[in-house]
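Sequence lines, in order, name chains R and E.
In this text, residue positions in the first sequence follow this note's numbering: the first is 75, and each later residue adds one.
In this text, residue positions in the second sequence follow this note's numbering: the first is 75, and each later residue adds one.
There are 2 protein chains.
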Amino acid sequence: MHPRVKIKTLLQSGRSGYETTVKGWVRTFRNNQFIALNDGSTSASLQVVVDREQTDPALLRRIVTGAALSVTGTVIPSPGKGQQVELKATEITILGDCDPDTYPLQPKKHSLEFLREIAHLRFRTNTFGAVFRVRHALAFAIHRFFNEKGFVYLHTPIITASDAEGAGEMFRVTAFDLNDIPRSAEGNPDFRQDFFGRPAHLTVSGQLEGELGAMGLGEVYTFGPTFRAENSNTARHLAEFWMIEPEMAFYELEDNMNLAEEMLKYLIAAALEHCGDDLELLGKRFDEEEKQKPQQQRSEMGLLEKLKFCLDQPFQRLTYTEAIALLENSPYQKKKKFQYPVSWGMDMQSEHERYLVEKHFKKPVIVTDYPAEIKAFYMRQNDDGKTVAAMDVLFPGIGEIIGGSQREERYDRLLQRMEVQHISPEELYWYLDTRRFGTCPHSGFGLGFERLIQFITGMGNIRDVIPFPRTPRNISF
Amino acid sequence: MHPRVKIKTLLQSGRSGYETTVKGWVRTFRNNQFIALNDGSTSASLQVVVDREQTDPALLRRIVTGAALSVTGTVIPSPGKGQQVELKATEITILGDCDPDTYPLQPKKHSLEFLREIAHLRFRTNTFGAVFRVRHALAFAIHRFFNEKGFVYLHTPIITASDAEGAGEMFRVTAFDLNDIPRSAEGNPDFRQDFFGRPAHLTVSGQLEGELGAMGLGEVYTFGPTFRAENSNTARHLAEFWMIEPEMAFYELEDNMNLAEEMLKYLIAAALEHCGDDLELLGKRFDEEEKQKPQQQRSEMGLLEKLKFCLDQPFQRLTYTEAIALLENSPYQKKKKFQYPVSWGMDMQSEHERYLVEKHFKKPVIVTDYPAEIKAFYMRQNDDGKTVAAMDVLFPGIGEIIGGSQREERYDRLLQRMEVQHISPEELYWYLDTRRFGTCPHSGFGLGFERLIQFITGMGNIRDVIPFPRTPRNISF
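Written out as structure tokens, the structure is:
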């Protein structure tokens with residue numbers, strides 16, 4: 075018995091003339107002779123050549139799409155196209171049969187909608203194998219990037235009592251039996267009797283706790299799940315998704331921008347370096363999808379082109395006020411091509427962000443210094459009394475990919491903004507404490523992991539870049 | 075203005091004779107002359123020497139424990155002990171004051187209990203700085219280990235409809251207003267009207283979903299938060315904790331053991347390699363803690379000794395049946411030194427596990443093939459009809475650190491075990507599907523991240539190795 079070798083290793087080495095064993099699942103079986111065997115290590119399948127004369131017909135009948143096999147044989151140079159080597163089988167063992175009449179995955183193209191219904195099996199398709207290998211490579215690149223810079227990975231809490239951040243609707247967490255909730259004399263739920271002794275929710279962001287870490291450890295980042303109980307059934311929303319949120323003591327807005335730009339380029343470069351095969355496959359898929367769209371809606375760039383567009387150019391930096399002036403004077407505004415008219419004070423829409431990136435600058439853009447009214451309480455107030463030291467990074471195709479700011483480090487200013495936004499200083503005493511004791515300029519930003527994966531894989535629906543999407547009325551698996 | 079340098083970088087280089095700027099927080103200020111400045115990058119503080127004659131007394135008064143400073147000066151060789159270089163300050167800027175009368179962290183030893191109450195500030199102490207840097211280094215080492223082996227990092231769902239695993243009490247997740255729950259005609263909560271259209275909970279394990287990934291991607295691992303709504307107020311329990319759960323197609327029990335042993339050694343080696351300073355500090359703390367204990371309860375090994383004990387030796391492997399026989403014939407059993415008497419079929423207690431590791435074999439131990447009755451439904455049944463292909467890895471001081479098994483890949487056998495344990499095949503149809511379509515031998519295990527950090531840092535209470543612990547009636551920050 076030869077030790078098992080992974081198909082990626084076998085194909086990458088390109089070496090031939092030796093015996094080995096591989097294990098995997100049958101993707102296709104042609105002419106009772108050619109098995110395409112895949113073990114998940116790469117999007118490429120290994121061609122296994124069966125000697126149909128010498129093989130038991132009963133065994134041959136069991137070699138069907140989806141069956142798990144162990145194959146021992148000799149690696150030989152492949153006469154066929156598309157691969158350097160193939161495996162000439164000498165011994166085939168069926169590890170697990172697969173009934174073709176009931177197996178939902180047939181050797182044909184299935185719709186993404188259908189595959190979402192069988193998310194427990196979609197890992198076995200080319201597209202989703204590629205998507206989840208890219209997802210892995212990006213997660214690892216994120217950890218490597220921050221580790222190399224001396225950041226500390228901080229696990230901020232998932233269950234939180236804080237509902238003060240105003241970042242959207244929250245899920246409630248309880249150990250109560252909903253059939254039998256203890257009540258106070260007034261008839262309200264008596265949360266003193268619940269597990270945590272008070273109302274608890276799922277976090278919408280680890281930022282505030284991340285800041286606590288940064289004010290002792292210097293530079294930290296979170297990478298964890300966050301939640302929104304918003305009833306949005308769109309291709310852009312999930313109830314459960316993963317966020318990366320770095321927070322850095324002693325960083326001002328420009329340091330923050332530099333870090334965000336460096337990180338995004340590092341991640342794109344990592345995907346290109348480690349996922350070449352998978353991105354090529356996804357790039358072809360992207361082109362096919364685009365062809366289905368009306369001409370006007372098609373992407374001007376292919377998938378790899380978009381990645382290089384972001385990798386090769388310095389990001390254009392300008393203020394919100396400059397961006398609005400530019401949009402107001404743009405041909406699009408004059409020809410009334412924007413759905414939402416432009417004026418100072420507005421929250422920029424995706425169409426405006428994409429205009430800046432794709433039409434005007436033709437490079438990624440960082441917009442800074444937004445009006446205070448449309449940004450969160452914790453962003454640092456600028457001296458003009460109108461704007462805050464916010465920054466949004468805008469990418470082609472999707473608009474905002476990162477949102478961040480220098481944080482308001484001045485106790486009095488922060489308190490004042492909390493009052494304006496009706497956020498309780500008593501609830502967030504611990505957040506204010508960092509401004510009372512040894513405060514310092516600091517900054518941070520947030521990156522939605524699934525948005526990043528969508529950008530890099532070209533997958534149009536966010537449900538197709540997370541293994542088991544949670545959306546309204548959907549909690550399967 | 076010189077670009078800021080991190081204190082770790084400055085101290086590690088040992089170079090002197092140049093001007094630079096550092097930023098950090100004052101740990102202590104002695105004789106109006108010596109500032110110990112820490113920026114979180116290392117447990118070591120930089121000695122900053124102030125020229126007290128040339129410095130404004132008003133400024134000197136603001137240099138107090140906890141204040142945030144920017145210091146520019148010249149790096150010079152240090153005449154003092156404990157550091158190669160120090161910084162002769164030429165310019166000191168107070169970034170943030172700290173009122174010594176209200177600042178909870180004084181330059182003295184605080185109890186861990188007190189520091190838990192101010193978890194938002196404990197990052198600024200030596201002990202917790204070290205613990206959370208070690209936590210980071212271990213998290214990164216886990217990702218690096220699996221990435222090097224070609225595993226795919228899989229984000230399994232946090233919110234789940236599955237409550238079938240029987241791994242403990244679960245938290246409920248709902249978008250209902252608990253004051254106003256929609257009711258069915260029978261008066262029960264109408265979950266069809268809840269966010270997901272059915273009851274939802276927080277996950278207790280990503281294993282089952284991990285297996286789905288492994289059956290397409292080959293080798294996967296999870297690293298995410300898991301939850302237990304158990305009302306346990308102990309030094310060993312958290313309501314929210316992080317788990318690492320690898321699942322591998324084509325691995326049998328021995329492959330599983332090999333992976334677990336290799337991983338644990340890799341992680342210990344990584345901590346020793348990357349966290350030397352922090353582990354030295356934690357080792358001293360551990361020794362001091364042990365000295366407070368009665369002689370009999372003291373650890374026989376120091377912290378670093380325990381790490382090397384696990385790193386340097388092959389783990390002893392034996393079956394549960396062999397382990398029970400060994401314990402039954404042990405001097406401890408004969409002298410009735412075990413609190414729980416030993417017999418085949420029992421769930422081994424920590425005292426038995428530690429006896430095997432610390433007294434008998436004097437090395438880490440892997441016990442395999444436990445009685446089916448005390449293990450979960452998904453573990454592979456052995457041919458003896460009594461035991462399953464389980465494995466527990468036992469470590470000194472703590473007992474079980476890893477639990478795993480070969481998974482039952484045979485559809486009929488799995489179904490039969492689910493029936494015995496009253497687990498609904500309809501609910502877990504997706505889990506059974508992997509056994510219906512191309513099943514194969516596969517294995518996996520689980521490692522509690524906080525248990526690992528406790529082992530490596532020597533921290534006795536699990537609440538001291540996670541930034542913001544969640545326990546009954548405790549959800550601060």
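Yeah, the Cβ is synthetic: ideal placement off N, Cα and C, and Gly gets one too.
Which of helix, strand or coil does DSSP assign to R:Lys-82?
If DSSP states are grouped into helix, strand and coil, R:Lys-82 belongs with the helices.
Rounded to whole angstroms, how far is the Cβ of E:Lys-80 from the Cβ of E:Ser-115, which I believe are closer than 8 Å?
Rounded, the Cβ-Cβ distance is 4 Å, consistent with contact.
I think R:Gln-86 touches R:Thr-139, with their Cβ atoms under 8 Å apart; what is that distance to the nearest whole Å?
That pair is no contact at about 25 Å.
How would you write the range of the beta strand (DSSP E) that R:Ser-479 sits in, first residue to last?
Where R:Ser-479 is concerned, the enclosing beta strand (DSSP E) stretches over 473–481.
Given that a residue counts as buried once 16 or more other Cβ atoms are within 10 Å of its Cβ, and exposed if not, what is R:Leu-133?
R:Leu-133 comes out exposed.
Quick check for students: name the residue ranges of the alpha helix (DSSP H) that lie wholly in the stretch 346–384 of chain R, counting only runs of 4 or more.
Taking only runs of at least 4 residues, the alpha helix (DSSP H) segments lying wholly in the stretch 346–384 of chain R are 350–366.
Given a cut-off of 9 Å on the beta-carbon distance, is the pair R:Pro-231 and E:Glu-314 in contact?
Taking 9 Å as the Cβ cut-off, R:Pro-231 and E:Glu-314 qualify as a contacting pair.
Nearest to R:Glu-432 by CA position, among R:Gly-473, R:Ala-397, R:Gly-459, is which residue?
For R:Glu-432, the nearest C-alpha among the options comes from R:Gly-473.
Using the three-state DSSP reduction, which class does E:Arg-257 fall into: helix, strand or coil?
E:Arg-257 falls in the strand class under three-state DSSP.
Please classify R:Thr-199: is it buried, with 16 or more other beta-carbons within 10 angstroms of its beta-carbon, or exposed?
With 16 or more other Cβ atoms within 10 Å, it is buried.
Could you tell me the boundaries of the beta strand (DSSP E) in which R:Gly-520 lies?
Here the beta strand (DSSP E) through R:Gly-520 covers 516–522.
Could you tell me whether the stretch 304–320 of chain E touches the stretch 431–450 of chain E, using the rule of 3 or more Cβ pairs below 8 Å?
The stretch 304–320 of chain E vs the stretch 431–450 of chain E: no contact.
Mark R:Thr-571 as exposed unless 16 or more other C-beta atoms lie within 10 angstroms of its C-beta, in which case mark it buried.
The shown model of chain R, from 75 to 551, leaves out residue 571 of chain R, and the question about it has no answer.
Are the CB atoms of R:Leu-401 and R:Val-416 within a distance shorter than 9 Å?
Result yes, Cβ atoms of R:Val-416 and R:Leu-401 sit closer than 9 Å.
Mind listing, in chain order, the continuous alpha helix (DSSP H) runs of no fewer than 4 residues lying wholly within the stretch 185–210 of chain R?
Segments of the alpha helix (DSSP H) lying fully in the stretch 185–210 of chain R: 186–191.
Where do the ends of the beta strand (DSSP E) carrying R:Glu-293 lie?
Note, R:Glu-293: beta strand (DSSP E), 293–301.
What's the call for R:Ile-574, buried or exposed, on a 16-neighbour Cβ count within 10 Å?
No answer is possible for residue 574 of chain R: the residues shown for chain R start at 75 and end at 551.
Per DSSP, what kind of secondary structure is E:Asp-421 in: helix, strand or coil?
Looking at E:Asp-421 - three-state DSSP - the assignment turns out to be coil, as it is neither helix nor strand.
Based on the DSSP output, what are the partners of R:Leu-392 in its beta bridges?
R:Val-441.
Taking CB distances under 9 Å as the criterion, tell me whether E:Phe-324 reaches chain R.
Closer than 9 Å: yes.
Which word fits E:Pro-263, buried or exposed, when buried means at least 16 other C-beta atoms lie within 10 angstroms of its C-beta?
By the 10 Å Cβ count, E:Pro-263 comes out buried.
Within the continuous beta strand (DSSP E) that includes R:Val-431, where are the two ends?
Looking at the DSSP string, R:Val-431 is not in any beta strand (DSSP E), and its letter there is neither H nor E.
Tell me the rounded alpha-carbon separation between E:Thr-176 and R:Leu-228.
Answer to the nearest angstrom: the Cα atoms are 27 Å apart.
Any beta carbon from chain R within less than 9 Å of E:Lys-97's own beta carbon?
Chain R, which has a Cβ nearer than 9 Å to the Cβ of E:Lys-97, makes this yes.
Can you tell me where the alpha helix (DSSP H) holding E:Val-494 begins and where it ends?
Its alpha helix (DSSP H) spans residues 485–494.
What are the residues that DSSP puts in a beta bridge with E:Ala-323?
According to DSSP, E:Ala-323 bridges with E:His-516.
Go ahead and pull the three-state DSSP assignment for E:Ile-497.
Three-state result, E:Ile-497: coil.
Helix or strand or just coil, what does DSSP make of E:Met-331?
Residue state, collapsed to three classes: helix.
In angstroms with no decimal places, state the Cα-to-Cα distance between E:Gln-369 and R:Arg-547.
Cα to Cα, the separation comes out at about 59 Å.
Buried or exposed: which applies to R:Glu-374, given that a residue is buried once 16 or more other Cβ atoms fall within 10 Å of its Cβ?
R:Glu-374 is exposed by the Cβ-count criterion.
Would you check if the distance between the CB atom of R:Val-159 and the CB atom of R:Pro-151 is smaller than 9 Å?
For R:Val-159 and R:Pro-151, yes; Cβs fall inside 9 Å.
Could you check whether E:Met-289 and E:Thr-508 sit closer than 9 Å to each other, using their CB atoms as the reference points?
Yes, the Cβ-Cβ distance between E:Thr-508 and E:Met-289 is below 9 Å.
Flag E:Ile-549 as yes if its beta-carbon sits less than 9 Å from any beta-carbon of chain R, otherwise no.
Yes, its Cβ sits closer than 9 Å to a Cβ of chain R.
Going by alpha carbons, who is nearest to R:Leu-305 out of E:Ala-249, E:Ala-334, E:Val-278?
The question names Leu, yet the displayed sequence has Asn at residue 305 of chain R. Measuring from the Cα of R:Asn-305, the nearest candidate turns out to be E:Ala-249.
Would you identify the three-state DSSP class for R:Ile-398, choosing helix, strand or coil?
It is helical.
To the nearest angstrom, how far is it from the Cα of E:Met-317 to the Cα of R:Glu-500?
Whole-angstrom Cα-Cα distance: 33 Å.
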